[in-house]
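Residue numbers (the numbering used here): 81 to 527.
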């Protein structure tokens with residue numbers, strides 16, 4: 081058991097709210113500061129990509145006893161539904177029978193997490209802007225304006241969970257020997273919406289994550305409890321087939337008719353939503369160290385923002401909390417060791433999921449419509465069912481296990497090299513379910 085401390089969490093998002101629950105249940109006084117208004121009192125802004133909760137996220141929620149509450153506001157998705165250009169539909173199972181990722185509305189989940197945190201005694205302070213942090217003393221400097229008057233708030237510890245453009249990290253960056261990088265994709269996104277049918281049912285299969293893969297751009301749709309789907313259009317900002325090109329109603333309607341014809345009857349407010357909702361940017365951010373002495377620590381997107389194509393931004397942030405909690409149980413009041421072990425164990429895994437997420441954009445936008453890719457997935461599924469102890473597909477390692485991301489990436493690269501060789505076999509399309517192919521995979525695994 082730890083000695084109670086007075087702890088500030090900066091950022092009332094998903095990771096900040098869950099961390100606050102953990103800290104409060106560990107016996108600490110916890111204050112959460114957020115520069116925005118209380119999300120429970122405002123309409124969400126049309127910038128959201130629905131979340132996909134997988135095993136790593138559920139583990140963090142189960143440990144603190146709130147997983148059942150969160151499952152009530154999600155929908156399980158057991159497969160991808162791939163909408164081809166010819167309007168045919170292909171399905172790809174995510175895992176074994178019974179394995180699914182859960183679609184959750186970011187806004188609905190965030191509101192619920194804040195409610196649950198308040199229920200255990202966490203105090204929230206909305207519309208409180210943190211402009212600076214005295215790192216060595218864990219003092220927050222809060223005020224209305226960056227160049228106005230600030231008040232100082234002293235704490236024992238400060239956690240920065242204030243996202244990819246974190247003010248806490250910004251302060252840490254001003255030290256020597258602090259490494260930082262950010263890289264924006266030339267692809268952005270815009271939120272669209274598929275409303276429910278009049279009777280409240282879904283217009284598309286609600287146990288699938290729907291993807292319209294079109295090369296360097298794509299549309300995805302994830303189901304919501306109210307019968308709607310949150311859609312996200314990913315495409316380049318400039319050039320051919322880009323946001324820049326779609327500058328009139330006529331161009332937009334013609335573009336969707338050409339590339340996404342199956343959406344014509346399910347996205348009735350296409351023009352209104354497209355021109356009303358903002359374009360949003362996608363960034364990968366890396367930094368190190370994540371802590372300052374035993375006083376300040378970064379967590380979630382504040383230290384490892386990633387692009388959303390593996391659906392693991394939230395899951396990775398929640399896994400940060402699982403690891404931090406285990407270290408708190410192990411080391412008690414030795415916060416210096418807790419922080420040192422936390423950052424050294426999580427950093428390689430954060431870098432690995434960043435790489436996996438970047439690669440998965442290519443898989444989702446291009447490869448899901450590719451026959452060779454489909455065949456590879458079929459062979460992997462067939463072989464892994466025969467030899468579950470020898471082959472777990474990369475997606476399952478990342479999504480349905482707790483294997484460290486760095487190990488999953490390394491093993492996935494090894495498997496991919498094996499599959500490249502298998503796909504080169506003559507007539508592999510006709511002979512993939514045969515013993516010679518099986519034996520060749522086993523041989524390659526032994527090498």
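Where a beta carbon is used, it is the ideal one built from N, C-alpha and C, also for glycine. Because the structure is a prediction, the values reported are computed rather than measured.
- The three-state secondary structure of residue 99, taken from DSSP, is helix.
- DSSP assignment within the stretch 408-457 yields the following whole alpha helix (DSSP H) runs of 4 residues or more, N-terminal first: 415-445.
- Apart from sequence neighbours up to five positions away, the residues of its chain that approach residue 306 with a beta-carbon distance below 8 angstroms are 276 and 280, ordered along the chain.
- In this structure, 470 is the residue among 494, 470 and 379 with its C-alpha nearest to the C-alpha of residue 518.
- The shortest C-alpha to C-alpha distance from residue 217 to any of 239, 298, 321 and 410 is the one to 239.
- In the structure shown, residue 228 falls within a coil segment according to DSSP collapsed to helix, strand and coil.
- When only Cα atoms are considered, residue 100 and residue 202 end up about 7 angstroms apart.
- For residue 83, the three-state secondary structure derived from DSSP is coil.
- The stretch 87-95 makes contact with the stretch 390-402; the number of CB pairs closer than 8 angstroms reaches 3 or more.
- Residue 464 sits in a helix when the DSSP states are folded into three classes.
- Inclusion of residue 264 and residue 362 in the CB contact set at 9 angstroms is warranted, their separation being smaller than that value.
- Three or more beta-carbon pairs drawn from the stretch 378-391 and the stretch 241-252 are found closer than 8 angstroms, and the two stretches are therefore classed as touching.
- With a cut-off of 8 angstroms on Cβ pairs, the stretch 149-157 is not in contact with the stretch 497-504, counting fewer than three such pairs.
- The shortest CA-to-CA distance from residue 177 to any of 412, 227, 158 and 162 is the one to 158.
- The beta carbon of residue 321 sits closer than 7 angstroms to those of 296, 297 and 315, all from its chain and outside the five residues before and after it, given in chain order.
- Going by DSSP, residue 219 is part of no alpha helix (DSSP H) but of the beta strand (DSSP E) stretching over 219-223.
- In this chain, the beta strand (DSSP E) harbouring residue 290 covers 288-293.
- In the DSSP assignment, residue 262 is bridged to 365.
- With fewer than 16 other Cβ atoms from the protein chains shown falling within 10 Å of its own Cβ, residue 482 counts as exposed.
- Taken through DSSP and simplified to helix, strand or coil, residue 172 comes out as strand.
- Excluding residues up to 5 positions away in sequence, 518 lie with their Cβ nearer than 8 angstroms to the Cβ of residue 466 in the same chain.
- The beta carbons of residue 267 and residue 204 sit no closer together than 9 angstroms.
- The alpha-carbon separation between residue 193 and residue 420 amounts to approximately 28 angstroms.
- The three-state reading of DSSP puts residue 351 in helix, counting H, G and I together.
- In the DSSP assignment, residue 213 falls within the beta strand (DSSP E) that extends over 210-214.
- Closest in C-alpha terms to residue 431, from the list 234, 387 and 278, comes 387.
- For residue 114, the enclosing beta strand (DSSP E) begins and ends at 109-114.
- Under the three-state reduction of DSSP, residue 485 is assigned to helix.
- The alpha-carbon separation between residue 172 and residue 139 amounts to approximately 25 angstroms.
- Under the 8 angstroms Cβ criterion, the stretch 409-419 counts as touching the stretch 366-374, having at least three qualifying pairs.
- For residue 160, the enclosing beta strand (DSSP E) begins and ends at 159-163.
- DSSP, read as helix, strand or coil, puts residue 382 in helix.
- Residue 428 and residue 491 have their alpha carbons spaced roughly 15 angstroms apart.
- The stretch 399-413 makes contact with the stretch 135-150: 3 or more CB pairs, one atom from each, lie closer than 8 angstroms.
- If you ignore the 5 residues before and after residue 346, its C-beta comes within less than 6 angstroms of the C-beta of 274 and 283, all in its own chain and listed in chain order.
- For the 9 angstroms CB-CB criterion, residue 409 and residue 370 do not form a contact.
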